[in-house]
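Presented below is the structure to which this report refers.
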Amino acid sequence: MEMLLSLERARKSAETSYTQNPLDGDNLARWGRALLKLAQFEHGAESKQMISDATSKLEEALPLNPKKHDVLWCLGNAHTLYGLFTTDMDAAALYFEKATMCFKQASDISFSTDIPNDPSNDRYRKSLVVAAQ
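Below you can see the structure in the form of structure tokens.
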């Protein structure tokens, strides 16, 4: 319950901050992450809508700072979750392809800009392998 309240506060805070500075990529990323995590507490259509909203915020954040590999990784997770909620297999496959591209980009950026032994590199690599399956 505490986690849910904390995520809801983070979502509301990001929403408020957005009205003051809609070009704050870090805030948009926080908002998207909060929505993505909140979606886990919802069911069915509500969860799918929250994932869609999270995707929108993360996609809005990305052009503001395209080298943020963690935003790409979260966006890949959002596409994966949305694909899991999609009953049409062809449509779901498109979301999994988008997820794979996001994980690949996150991995490429992370390896080119971070310390080679950064733990996020392994997380991105594993996400890429799972998404490709």
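Note that our numbering has the sequence shown beginning at 1493, numbered continuously upward.
The beta carbon of each residue, even a glycine, is placed where N, CA and C say it ideally should be.
Cβ separation of residue i and residue j, assumed to be a contact under 8 Å, to the nearest whole Å
| i | j | result |
| --- | --- | --- |
| G1575 | A1591 | 7 Å |
| T1578 | A1570 | In fact, because the Cβ distance is near 13 Å, the residues do not count as touching under 8 Å. |
| A1526 | A1502 | 4 Å |
Residue burial classification, residue i (beta-carbon count within 10 angstroms, cutoff 16)
| i | result |
| --- | --- |
| S1498 | exposed |
| T1508 | exposed |
| L1564 | buried |
| K1504 | exposed |
| K1529 | buried |
| G1568 | buried |
| K1549 | buried |
| A1537 | exposed |
Kindly confirm or deny that the segment 1517–1532 and the segment 1559–1579 touch, where touching means at least three C-beta pairs closer than 8 Å. yes
Whole alpha helix (DSSP H) elements within the segment 1522–1572, 4-residue minimum: 1536–1553
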